Structure formats: C-alpha cells, structure tokens
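The structure under discussion appears below in the form of structure tokens.
Residue numbers (our numbering): 1386 to 1853.
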C-alpha cells in the first residue's frame, strides 16, 4: 500500500512522529540517567508497516542495546510495550491477558483492511485523552484473579542481557572479557521458548511464553465451594494477636451481610458466617490467597457442616461393624489359607494349648493324670572305694573299678591307680619380690636383703649422731 517508506508525499500524513517511546520498566532499565537516540521515520512498524520514529538506548551496564519495534498506535491498541510487547499493567503476554479478561479482538490482517482499521484507531485515540488504552482492551472489565496471581510485580532485568556469542560457541572468539556478547552455552533448539515470533505475540496466538504461564495457572490451587448449599461459613487461619474481630469485619463486610464472627485466640483462627450463600462464595473467591491484614497473609477455607465434623471426629469404618470391601487387584495371588488348628499333633511343635487329656503319661498314674502321693526317690549315687563319692566326674561318670585279678592269685587286690611322685607342694607366700620357702626348708642362695632407704643411713647429716 501507500504507507511504505518509499511512498509519495501525499500518503505521508499517516506516518507517525513521537517525542518519547511507550516502554515498560524492564525495557527502560534501572539506570535513571539514560541516553537515547531518536530517528524520525527510521523503520516500518512490524505490525501495521507504517514508518514511525525509532528510539534506541542501552538499559544498563553489560546489557544489549534495545529499540522500539512497533509504532505507538499499535502499542496503545493493545496496551503493550513498544519493545517487548508485554502488557504494561501486568507484564504478561497478550494471549494470557485476553484469555483472563475474555477479550476477542479480531484485527484485520490484510493490507487494505489493516490501514483502514489503523486510521480508525488513530481518530479514536485523538478524541480521548490518550492515557487509556484503545480498542477492546479499554472496554474490558475489572482485572480477574488469574491476572493478579500471574502478574509480575517487579522488573525482570535479566531479559535485557546480551545475546550469546556465536563465535564463542564455535570456539573462535578472541575478544575474551571485552566481548559484548554472552559466553554461555545456548539453550536446546527444540525448546519451545527458543522460537518466539513478534507477530504471534501481538495477535495472541501460538505464544510459547503464554502457553507456559497458562499451564502454571492450571496447576495452582483453587478453592472449590462445597456441595452442601447450607454452608455459609468461612474458616480464616493464621491469625495473630494483632488481628482482631474488627479487622476481619472491615474486610468481609464488602461481600455481604455478616451473621457472626467467632474468633478463637487459642487456635489463632476465626469463623466468619454470612447470611447468604452467594455472599460466602464472593468472599471466598475474593479472599483466597489474597487476604493480607496488618502484614500477615491469612488462610481462607470453606467451613464444614456439623455432619462432616461428627463423621470425622474419631469414628472409623470398623466401629459400627461395617467393614470396607475392596475389589481384588487382578494378577495377584489369592488369600492364603488360615493356619491349621492346634488340635493337629503334627503341627503343634511347642505343645501349646493342650488339655489334661493330651499330656504325656507319667509313671505311677493313668495317662493325663499326675501321680498322687510323694514323688519316687531317686537311687543313691555310686560310691567309690572307701565309702566316698568319686573324686572327679560326678555321678554321671562311670565309677573306677580295680583291674581284674589273674586266676590263682591269692592276697590283697592291687591298689587303685595312684599319681606318680609326691604331691606338689603348696604355693608359698610372697615376701617382697621373692616367695618365702616352706617351713623347715632352708632357702638356697643369699638371704633377701631389706629395702635400704637413704634417710636411714647413720652417716647422713641430720640423723642425730655426731662424728667422733
């Protein structure tokens, strides 16, 4: 169309000229003293293909230079940054924002319809103050809970880092630390985040960053209302001493009429009861994971009915005699047979639980009955020669008998086996380091000398004896 940069002078009235870009805080950088270069009609917009004013700047130290990518008309139409094309209020992709706000903005993509649509948006912006977004975004309703949960609350300056040095990846970079590009390993080329298109982000289709955020939103916990419509109570946990009943009333009265507020200081919790179920659902939706009072984040849950509290107070399934039956798992062996009874003597290895009839018979009585009267006397132990018990071996050993006598031998039987030699003398007592000899035996060798102490020397000075 006639909106290209090489068009004639007549159609240049639709070209855009501006004094300052529309940027988010992340793209602008953390440097308060920033220097920009401005080029009037420097490039064409990547969306509407109209020439516009280009701005170029460096957001900070060790950051790459950035420039505007779309014109201000397209930026105001979607309320996005001219560089990163993320929402100016929430810092989210357009696809996530439109999905949360239920916005369907079908922009024309052909050249003729696109030019007509852009001129209509310019006239709409000129009739307004210019601070509010145009199009369907400006007519959207209040922000949803999904946007508040996914919104970025602080700048993400890591997005302004320089690109990866391709020479360093090939091992040919010779700049070293002076290289303005990053010396890091590149990401996986099959990663969906590695393939991003600026047009897909603007139109809100096939955006990999938006798909990642939507998957994260689906995994976030949600507070589902109970099926019992009679429950109109909310549980508020995590209270502290400084959170009072008046603080809870000031927050929950905006959702509807409150019937009662019961604060349990010992458990640091409270129960807020509303008069209607609709007010309770609005309070639960507006306070779940968003309630902060006096710097403390409070936990909001649905209350339980009296029937649910009684069923879970302490009774189990087996208390009423009802056993829970489970379906058998296919592929597993069946239940083992019960153990055999104790009446079977083949399996009763320890003689447990036997009656009087199963006891083994004892001498002196019928089977299974203990004998009456005194117990039988045991035979006396065998005696050794001389009427003495055997010296060694006890009663369980065979007694020593004299050897057999040859035929025709007359006289005394041979004596028993005796130990050869005299008996060993007793151990003498010790005297000092040498044992004393037994009485009646003169010790051999020199007699033991007494212990000499230097203080007993008569020649030593101080003993009281003077030298003659």
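Even for Gly, the Cβ is constructed at its ideal location relative to N, Cα and C. Since the model is a prediction, treat every value here as computed from it, not as a measurement.
Asked, Found
"Sort out for me which residues DSSP pairs residue 1619 with in a bridge.", "1657 and 1687"
"Please report the residue range of the alpha helix (DSSP H) in which residue 1670 lies.", "1662-1672"
"Could I get the ranges of all uninterrupted alpha helix (DSSP H) runs contained in the region 1405-1447, with 4 residues as the minimum, in chain order?", "1410-1413"
"Run the CB neighbour count on residue 1457, radius 10 Å, all protein chains shown included, and call it buried at 16 or more, exposed below.", "buried"
"On the three-state DSSP scale, how would you describe residue 1603?", "helix"
"Look at the Cβ atom of residue 1399, then the Cβ atom of residue 1435, and state whether they are nearer than 8 Å.", "yes"
"Please report how far the alpha carbon of residue 1593 lies from the alpha carbon of residue 1682, in whole angstroms.", "32 Å"
"With the cut-off set at 8 Å, would you say residue 1646 and residue 1627 are in Cβ contact?", "no"
"Just reading off the alpha helix (DSSP H) that residue 1497 is part of, what are its end residues?", "1496-1512"
"Exposed or buried, residue 1650, counting other C-beta atoms within 10 Å across all chains shown (16 or more means buried)?", "exposed"
"Secondary structure at residue 1700, three-state DSSP: helix, strand or coil?", "Summary for residue 1700: the model assigns pLDDT 47, below 50, so the residue's position carries little reliability; its value from the coordinates is reported in the next sentence. In this structure, residue 1700 counts as coil in the three-state DSSP scheme."
"Run through DSSP, which three-state label would residue 1521 get?", "helix"
"Candidates 1586, 1665, 1540 and 1566: which alpha carbon is nearest residue 1640's?", "1665"
"Looking only at its own chain, which residues have a Cβ that is under 7 Å from the Cβ of residue 1531, when we skip the five neighbours before and after it?", "1485 and 1602"
"Write down every uninterrupted run of the alpha helix (DSSP H) in the region 1536-1569 whose length is 4 residues or greater and which is fully enclosed by it, in chain order.", "1551-1554"
"Please determine if the region 1583-1600 and the region 1613-1631 are in contact, where contact requires at least 3 C-beta pairs separated by less than 8 Å.", "no"
"So is residue 1581 buried or exposed if we call it buried at 16+ other beta carbons inside 10 Å?", "exposed"
"Do you know whose CA, among 1459, 1466 and 1713, lies nearest residue 1510's CA?", "1459"
"Count the CB pairs spanning the region 1606-1615 and the region 1485-1499 that are closer than 8 Å, and state whether there are at least three.", "no"
"First and last residue of the alpha helix (DSSP H) that includes residue 1460?", "1457-1463"
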